[in-house]
Each structure stands twice: as C-alpha cells, then as structure tokens.
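This report refers to the structure that appears directly beneath it.
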Amino acid sequence: MQANIQEIFRSIQGEGLYAGAPAVFVRFSGCNLRCAYCDTKKSWRAAKHCLYQPVEFARHVVRVPNAVSAEDCADMIFWLSPQGLVSFTGGEPLLRAKYIAHVIQLLGANYTYLIETNGTLPAALKYLPNSPNIVYSIDLKNPKFLRFYKTVPPKSPKYIKIILEKNLSIEKTLQILNKIPMTGTPLFLQPVNNKIDKKELQKWMYFLEKNGYVYKVLPQIHKFARWK
Ligand code: SF4
C-alpha cells in the first residue's frame with residue numbers, strides 16, 4: 118500500500134490537547150476542502166518527493182521518491198522515535214485512512230496516534246480500529262462535523278478545534294455544538310494565523326460561557342516559537 122506524502126519530521130506539536138509534546142509528523146498530500154486561510158496549501162498537490170528529516174530541527178532532508186509504502190513510512194517514524202506521539206496531518210489525512218490503519222498496525226501499541234482531521238469524512242472512520250491509542254483532533258468547520266463526531270469509534274478519545282476566522286458564525290457554531298454531548302470533550306479555540314480582534318474573542322467567550330461550554334484559547338505555538 119502506498120501514499121503520496123509531503124513530509125515526515127519530528128518537532129513539537131503546536132496545537133490542541135498535545136501542544137508542547139514532541140511528535141513525529143506525517144503530512145499527507147491532498148485535501149477535500151479549500152479553506153481560504155489554509156497555511157498548508159502546498160499539500161493540496163501531490164509532491165514528487167517526500168521530504169524526510171532524519172533529525173529534528175536539522176537542515177538536512179532526504180528526498181524520498183513518492184509514493185511511499187506503508188512499510189517505509191513506519192520505518193521512518195520508528196527511526197525518528199521508537200515510541201511517543203505520531204501526528205497524521207495534511208492536507209486531510211483521512212483521505213488515506215486505510216494506509217494510516219496499516220502504518221498503525223505495523224508500529225503497534227507503543228505510540229499515541231493523533232489524527233488531525235477537518236471532520237468531513239465520517240465514512241473513512243470504518244477503516245480505523247476502535248482503539249484508545251488513536252486520538253482525533255476534529256475541526257469544527259463544516260456541517261459534516263456532526264456526523265463525523267458521532268461516528269468516531271467509542272474507545273478513541275477526541276477533542277474539538279474551532280478555528281476562529283472572520284467568516285465563522287458564532288450562532289451556527291453553537292447550533293452544531295448544542296446537538297452533541299460534550300461531556301469530557303476538550304474544546305479549543307484557535308485564532309487563525311494567531312490573530313484575532315479582542316472584541317471578537319470577547320464575543321466568542323461570552324456566548325460559549327453563556328451556553329455552559331468549558332474551553333481553552335490556544336494559539337499555534339509552533340508558529341511564534343518558529344519550530345517547523
Ligand atoms: S481542511 Fe485544512 S488542509 Fe484542507 S484546505 Fe482547510 S485548512 Fe487546508
């Protein structure tokens with residue numbers, strides 16, 4: 118089994134529940150959305166080579182011809198870290214759900230696997246095992262979120278990320294949130310490009326609190342720390 122991968126590297130997770138934790142990142146090519154604020158637009162297209170950084174923060178990269186086999190992907194992850202956190206990202210990683218399942222099977226239970234998804238491909242979840250080692254970071258940016266959230270395998274932890282950008286409606290977001298049981302699900306507000314008008318943020322805080330939600334506002338720490 119093969120997939121087109123943009124890059125594999127080790128760095129510090131900059132977003133959400135695992136912010137600050139060292140992680141191996143596998144960035145897949147391809148996305149089913151076209152968000153105006155996307156900061157990984159280059160991942161929309163297939164890459165000729167997967168850029169593999171064998172040592173974290175080093176300049177040296179190895180250009181591995183695409184497509185990459187699941188076995189080679191697992192080897193590259195293991196070489197970077199024999200345990201710990203692996204973030205599958207993109208693009209949209211669930212376009213490669215079968216491939217991810219195969220990589221997870223090869224690597225086993227020594228890792229926590231984080232799937233950073235736009236929350237629009239619920240049908241892809243059937244390919245992934247119902248495991249507490251697989252964690253879903255789900256963006257709330259599309260009406261398909263509801264079905265996705267409810268389809269996540271029950272043993273897999275999940276958290277929600279709301280990307281705060283000027284076109285996002287507080288009312289519509291609350292309508293969606295109010296339809297799901299939030300018990301124990303962490304909720305993160307992430308200002309797009311780490312910028313938000315304070316009045317706007319105040320509005321979000323007011324409405325979320327009025328509706329009883331517990332949340333954290335978290336910037337993308339890898340951007341201001343200038344980690345990769
Ligand atoms: S879902 Fe993510 S990767 Fe896809 S276009 Fe939107 S921001 Fe970019």
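In the working numbering, the protein residues as written are 118 to 345. All C-beta atoms in this analysis are idealised placements derived from N, C-alpha and C, irrespective of residue type, glycine included. Because the structure is a prediction, the values reported are computed rather than measured.
1. Report yes if the CB atom of A154 is closer than 9 Å to the CB atom of N295, and no otherwise.
2. Is any heavy atom of the ligand SF4 found at a distance shorter than 8 Å from the C-beta of K258?
3. In terms of DSSP beta bridges, what is I125 paired with?
4. Taking the beta strand (DSSP E) that D256 belongs to, which residues open and close that run?
5. Rounded to a whole number of angstroms, what is the C-alpha to C-alpha distance between S254 and T237?
6. Quick check on P346: does DSSP put it in helix, strand or coil?
7. Beta carbon of I280, beta carbon of Q307: below 9 Å?
8. What would DSSP say about V220, mapped onto helix, strand or coil?
9. Within a Cβ cutoff of 7 Å, which residues of the same chain sit near H219, ignoring the five residues on either side of it in sequence?
10. Across which residues does DSSP place I232 in a beta bridge pair?
11. Give me, in chain order, the residues of the same chain whose beta-carbon lies closer than 7 Å to that of W196; leave out the 5 immediate sequence neighbours on both sides.
12. Cβ-heavy atom distance between L150 and the ligand SF4 below 8 Å?
13. Determine the contact status of S146 and I122, defining contact as a CB-CB distance below 9 Å.
14. Thinking C-alpha only, which one of F126, A120, E124, A136 is nearest K333?
15. Look at the alpha carbon of P139 and the alpha carbon of Y228, and state the distance between them as a whole number of angstroms.
16. Taking the C-alpha atoms as reference points, what is the distance between F324 and F126?
17. Is it buried or exposed, R151, if we count other Cβ atoms within 10 angstroms and call 16 or more buried?
18. Who are the near neighbours of V269 in its chain, counting only those whose CB is closer than 6 Å to its CB and skipping five residues on each side?
19. Check each candidate in N328, I251, Y216, Y244 and name the one with the smallest Cα separation from Y230.
20. How many Å lie between T302 and Y330 at the Cα?
21. Would you mind stating whether F265 and L242 have Cβ atoms separated by less than 9 Å?
22. Quick check on DSSP: helix, strand or coil for L211?
To lay it out plainly:
1. Just to set this straight, residue 154 is Tyr in the shown sequence, not Ala. No, the Cβ-Cβ distance between Y154 and N295 is not below 9 Å.
2. yes
3. V143, Y169
4. 251-256
5. 12 Å
6. Any property of residue 346 remains undetermined from this structure, which presents the chain solely from 118 to 345.
7. yes
8. helix
9. M118, A187
10. F205, Y253
11. P171
12. yes
13. yes
14. A136
15. 12 Å
16. 39 Å
17. exposed
18. Y253, K275
19. I251
20. 10 Å
21. yes
22. helix
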